[in-house]
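Q:
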């Protein structure tokens, strides 16, 4: 399936996404990352958040004393991010095309890399991350894998409806087992100047196996590859999330 049909751009639903997203969730994620990632980093080190969306987690990193840059391919989401995290830097870019000299001491991404639909491009993303990191940098990301406890819900078709006085949000998810891809169709109705405006968005999400992900990381050069469940680090949700943790080697190997 062509990635040309899956740009991962949330522009059509950015305003409603920002309204739905609550800072308390970002704070919970930051508390988990204090155990999983931040305790390995010195204050003031530079973190890149891939798929930063509306910047609420970027702000949590800033509050905790880290220099943080957010990256997203949605210009409208980054507009909200600059409001939610005014002292941080943001980059408008598709991570598949992102190029940077070694700049970051750590890179984090949550539920973004599944929108990369084939292993060749996922490996390219890992290579771009690797190039952007300082030696001995830490790479942490959350993704639903084929072995995940979340996989059962990933495979199920579902519908979500969120209604209030300012917006209506509808989401439908359908899974294709042959391609291991879930289609996410979102429709929003937003009240703007007394008129309801409709926006639609369709995204595709791939369900990779853990071995596929680990192999791609190894091929790029990452070492110390480990997989955890976020519940082991204080995640209060019933199932937690699959988290991969790895490093770029130091100069000494």
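Residue numbers (the numbering used here): 13 to 265.
A virtual CB, placed ideally from N, CA and C, is assigned to each residue, including glycine.
From residue 8 to residue 250, what does the alpha carbon distance come to, in whole angstroms?
A: With the chain running from 13 to 265 in the structure shown, residue 8 is simply not present.
Q: Check whether the Cβ atoms of residue 116 and residue 58 sit closer than 8 Å, and answer yes or no.
A: Result yes, Cβ atoms of residue 116 and residue 58 sit closer than 8 Å.
Q: Please classify residue 14 as buried or exposed, where buried requires at least 16 other C-beta atoms within 10 Å of its C-beta.
A: With a pLDDT of only 31 at residue 14, under the threshold of 50, the placement of this residue in the model should not be trusted, and no figure is reported.
Q: For the pair the segment 226–243 and the segment 79–99, tell me if three or more CB-CB distances fall below 8 Å.
A: As far as the Cβ criterion goes, the segment 226–243 does not touch the segment 79–99, which means the pair count is below three.
Q: In its own chain, which residues sit with a C-beta less than 6 Å from the C-beta of residue 17, not counting the 5 before and 5 after it?
A: Residue confidence is low: residue 17 scores 42 on pLDDT, short of 50, so the model does not pin down where it sits. No coordinate-derived value is stated.
Q: Need the endpoints of the beta strand (DSSP E) that residue 146 sits in, please.
A: Residue 146 -> beta strand (DSSP E) spans 145–154.
Q: Please say whether residue 259 and residue 225 have beta carbons closer to each other than 8 Å?
A: Cβ atoms of residue 225 and residue 259: not closer than 8 Å.
Q: Sort out for me which residues DSSP pairs residue 77 with in a bridge.
A: According to DSSP, residue 77 bridges with nothing at all.
Q: Got a sec, what are the start and stop residues for the alpha helix (DSSP H) residue 231 sits in?
A: Note, residue 231: alpha helix (DSSP H), 222–232.
Q: Taking residue 186 as the reference, which of 208, 174, 219, 202 has the closest Cα?
A: Minimum Cα distance to residue 186 is reached at 219.
Q: Helix, strand or coil for residue 14, going by three-state DSSP, please let me know.
A: Because residue 14 sits at a pLDDT of 31, beneath the cut-off of 50, its placement in the model cannot be relied upon, and the following sentence gives the value as read from the coordinates. Three-state DSSP puts residue 14 in coil, outside helix and strand.
Q: Whose C-alpha, out of 81, 247, 205, is nearest the C-alpha of residue 119?
A: Closest by alpha carbon: 81.
Q: Does the beta-carbon of residue 142 have 16 or more other beta-carbons within 10 angstroms, so that it is buried, or is it exposed?
A: Flag for residue 142 reads buried.
Q: I'd like to check one pair, residue 93 with residue 64: are the Cβ atoms closer than 8 Å?
A: In this structure, residue 93 lies closer than 8 Å to residue 64 by Cβ.
Q: Do residue 193 and residue 122 have their C-beta atoms closer together than 8 Å?
A: Taking 8 Å as the Cβ cut-off, residue 193 and residue 122 do not qualify as a contacting pair.
Q: Measure the alpha-carbon distance for residue 32 versus residue 50 and round it to whole angstroms.
A: Rounded to the nearest angstrom, the two C-alpha atoms are 26 Å apart.
Q: Excluding the 5 residues preceding and the 5 following residue 67 in the sequence, name in chain order all residues of the same chain whose CB lies nearer than 6 Å to its CB.
A: Closer than 6 Å at the Cβ level, and outside the excluded window around residue 67, lie 82, 93, 96, 97.
Q: Report the partner residues of residue 56 according to the DSSP bridge assignment.
A: Answer by DSSP bridge pairing: none, since residue 56 is not bridged.
Q: Taking C-alpha atoms, which residue in 245, 246, 239, 107 lies nearest to residue 256?
A: Measuring from the Cα of residue 256, the nearest candidate turns out to be 239.
Q: Would you kindly report the start and end of the unbroken beta strand (DSSP E) that includes residue 198?
A: That run of the beta strand (DSSP E) goes 193–204.
Q: Might you give, ordered along the chain, the residues of its own chain that have their beta carbon closer than 6 Å to the beta carbon of residue 111, omitting 5 neighbours on each side?
A: Taken in chain order, the list of residues that qualify is empty.
Q: Are the beta-carbon atoms of residue 53 and residue 78 separated by less than 8 Å?
A: Their beta carbons are under 8 Å apart, which means residue 53 touches residue 78 by this criterion.
Q: Under a three-way DSSP split, which group does residue 108 fall into?
A: Helix.
Q: Span of the beta strand (DSSP E) holding residue 121?
A: Segment 116–122, the beta strand (DSSP E) holding residue 121.
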